[in-house]
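Engineer:
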Amino acid sequence: MSKLHSKIENIWWSKHQPPLPLRLIEPVYSAISNRHLRQRAAQTVQPPLPLISVGNITAGGSGKTPFVLWLAAALQKKGFKPVIICRGDGGNNSKPRIVESNMSALDVGDEARMLAELASNTVIVGSDRVAASQIAKDFGNIIILDDGFQYRHLARVCDIVLIPAEGIGNGHRIPAGPLREAVTALSRSDLIVRTGSRAALQQCEKISPAQEWHWFCETGDLIDAMDSGAEPPDTVYAATSIARPERFLNSLSASGLRVSGHVIFPDHHQFTRQEIDQLQTKEHVAITEKDAVKLKPFWPKDKPLWLLKLKGFGESGLLDAIIGKLPRP
Numbered sequence: 002m003s004k005l006h007s008k009i010e011n012i013w014w015s016k017h018q019p020p021l022p023l024r025l026i027e028p029v030y031s032a033i034s035n036r037h038l039r040q041r042a043a044q045t046v047q048p049p050l051p052l053i054s055v056g057n058i059t060a061g062g063s064g065k066t067p068f069v070l071w072l073a074a075a076l077q078k079k080g081f082k083p084v085i086i087c088r089g090d091g092g093n094n095s096k097p098r099i100v101e102s103n104m105s106a107l108d109v110g111d112e113a114r115m116l117a118e119l120a121s122n123t124v125i126v127g128s129d130r131v132a133a134s135q136i137a138k139d140f141g142n143i144i145i146l147d148d149g150f151q152y153r154h155l156a157r158v159c160d161i162v163l164i165p166a167e168g169i170g171n172g173h174r175i176p177a178g179p180l181r182e183a184v185t186a187l188s189r190s191d192l193i194v195r196t197g198s199r200a201a202l203q204q205c206e207k208i209s210p211a212q213e214w215h216w217f218c219e220t221g222d223l224i225d226a227m228d229s230g231a232e233p234p235d236t237v238y239a240a241t242s243i244a245r246p247e248r249f250l251n252s253l254s255a256s257g258l259r260v261s262g263h264v265i266f267p268d269h270h271q272f273t274r275q276e277i278d279q280l281q282t283k284e285h286v287a288i289t290e291k292d293a294v295k296l297k298p299f300w301p302k303d304k305p306l307w308l309l310k311l312k313g314f315g316e317s318g319l320l321d322a323i324i325g326k327l328p329r330p
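If you read the sequence shown in the numbering used here, its first letter stands for residue 2, the second for the next number, and so on.
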């Protein structure tokens, strides 16, 4: 991760005032962003299927992808047939398409590739999500729109906003802080869901006067993504390219592993051959599920690549609250 990127992240998630230059730019960004959001809202299109939006008001790191996976599986058990639509950051997705098994993270982006591997649902990727919704009608009876809170071109029956247990950082908007919109934007959401570990959620401060549901994300098993037959180690070298990488490092430590060192890349980073070769010189590299879809195709089959699984689940009543907003299948 570049020093500048890391420094800005630290500013965003501290409780101190951001530097004056960033605060001077903040109202300019806010005015442009607000105008863009109003234009989208004025051109809202009704999708062919009922649509649930899962989004956030902060930049990255709120757990949208694991939440979408949990929601799709939970709805399927209740008789729905969800289709997932995502933008596909990091891929070449000017035209919407179904994510097929032979498409790489380079083709469709890391999150879309991960969703397609882990969900038993059709995943459609494309920057034009209105067009993607037209494809969805042939493959299911409800749409889950990933990262949809600011994508107001599409009408929705349920608007879910995720907020990490850590809250909204310094409370400023991009670039002075992590907020994509003002906190007042939460008034147009149907459900506010705080995400994180059980311990973190027990200590989190409320952001909104509305009810805040909890969705827990806990560490699971450490597995070898390459099935090399190696025994799980006690010490790992961490590598990640996700938003809020400290969460991954903390999860490794919380699971009882010693972290001998780490390397952090920007969110949605596409690894170069040189970077992959350098990682392969390390013993017992540990990664996230999102990074696995980018590294596995280039990793030696006989060298373990350790993947820390995550387990996500909602508090009692959360799923019923979501289903209560939906028409029955």
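Note that beta-carbon positions come from the ideal geometry of N, C-alpha and C, so glycine has one too.
If you're wondering where the values come from, they're calculated on a predicted model, not measured in any experiment.
(1) Could you please give the first and the last residue of the uninterrupted beta strand (DSSP E) stretch that includes residue 225?
(2) Just list the residues that DSSP pairs residue 307 with in beta bridges.
(3) Going along the chain, which residues of its own chain have a beta-carbon closer than 7 Å to the beta-carbon of residue 294, five neighbours each way excluded?
(4) Residue 343 lies in the beta strand (DSSP E); which residues open and close that run?
(5) What residue from 204, 91, 203 and 66 has the CA that sits closest to residue 146's CA?
(6) List, from N- to C-terminal side, the beta strand (DSSP E) runs of 3 residues or more that fit wholly inside the segment 91-162.
(7) Do residue 258 and residue 51 count as a contact pair if the criterion is CB distance below 8 Å?
(8) Starting from residue 240, trace the beta strand (DSSP E) in both directions and tell me its first and last residue.
(9) Tell me where the alpha helix (DSSP H) around residue 171 begins and ends.
(10) Checking 8 Å against the spacing of the C-beta atoms, do residue 279 and residue 304 come in under that value?
(11) Roughly how many whole angstroms lie between the Cα atoms of residue 323 and residue 192?
(12) Grouping DSSP H, G and I as helix and E and B as strand, with all else coil, what is residue 19?
(13) Measuring alpha carbon to alpha carbon, tell me which of 244, 235 and 132 ends up nearest residue 49.
(14) Do residue 241 and residue 273 have their C-beta atoms within less than 8 Å of each other?
(15) Work out the CA separation of residue 285 and residue 234 for me, nearest whole Å.
(16) Which word fits residue 63, buried or exposed, when buried means at least 16 other C-beta atoms lie within 10 angstroms of its C-beta?
(17) Please report the residue range of the beta strand (DSSP E) in which residue 66 lies.
(18) Which residues in the same chain have their Cβ closer than 7 Å to the Cβ of residue 6, if we skip the five residues on either side of it in sequence?
(19) DSSP three-state label for residue 314, please.
(20) By the three-class DSSP mapping on this structure, what secondary structure does residue 12 have?
Structural biologist: The short version:
(1) Position 224 of the sequence shown holds residue 225. Here the beta strand (DSSP E) through residue 225 covers 213-225.
(2) Within the sequence shown, residue 307 is the residue found at index 306, counting from 1. 225 and 287, per the DSSP bridge assignment.
(3) Here residue 294 corresponds to residue number 293 of the sequence shown, with the count starting at 1. Taken in chain order, the residues that qualify are 106, 111, 114, 115 and 118.
(4) Since the first residue of the chain shown is 2 and the last is 330, residue 343 is not available in this structure.
(5) The residue given as residue 146 occupies position 145 in the sequence shown. Looking at the Cα atoms, 66 is the closest of the given residues.
(6) 123-126 and 143-147
(7) Position 50 of the sequence shown, counting from 1, holds the residue named residue 51. Position 257 of the sequence shown, counting from 1, holds the residue named residue 258. Their beta carbons are not under 8 Å apart, which means residue 51 does not touch residue 258 by this criterion.
(8) Along the sequence shown, one-based indexing puts residue 240 at 239. Here the beta strand (DSSP E) through residue 240 covers 236-241.
(9) Here the question's residue 171 lines up with position 170 in the sequence shown. Where residue 171 is concerned, there is no enclosing alpha helix (DSSP H), given that its DSSP letter is neither H nor E.
(10) Residue mapping note: residue 279 aligns to position 278 of the sequence shown, counting from 1. Residue mapping note: residue 304 aligns to position 303 of the sequence shown, counting from 1. In this structure, residue 304 does not lie closer than 8 Å to residue 279 by Cβ.
(11) In the sequence shown, counting from the first residue as 1, residue 323 sits at position 322. In the sequence shown, counting from the first residue as 1, residue 192 sits at position 191. Near 8 Å, if we compare the C-alpha coordinates of residue 192 and residue 323.
(12) Walking along the sequence shown from the start, residue 19 turns up at place 18. Coil at residue 19, not helix or strand.
(13) Position 48 of the sequence shown, counted from the start, is the residue given in the question as residue 49. When only C-alpha atoms are compared, the closest one is 132.
(14) Start at 1 with the first residue of the sequence shown, and residue 241 comes out as number 240. Start at 1 with the first residue of the sequence shown, and residue 273 comes out as number 272. No, the Cβ-Cβ distance between residue 241 and residue 273 is not below 8 Å.
(15) Locating residue 234 in the sequence shown gives position 233, where the first residue counts as 1. Locating residue 285 in the sequence shown gives position 284, where the first residue counts as 1. Looking at the two C-alpha atoms, the distance is approximately 7 Å.
(16) Here residue 63 corresponds to residue number 62 of the sequence shown, with the count starting at 1. Buried.
(17) As a position in the sequence shown, residue 66 is number 65, starting the count at 1. Where residue 66 is concerned, there is no enclosing beta strand (DSSP E), although the alpha helix (DSSP H) it sits in stretches over 65-78.
(18) As a working mapping, residue 6 is identified with position 5 in the sequence shown. Same-chain partners within the cutoff: 267.
(19) As a first step, residue 314 must be located in the sequence shown, where it is residue number 313. Of the three classes helix, strand and coil, the one that applies to residue 314 here is strand, per DSSP.
(20) Residue 12 sits at position 11 when you count from the first residue of the sequence shown. If DSSP states are grouped into helix, strand and coil, residue 12 belongs with the helices.
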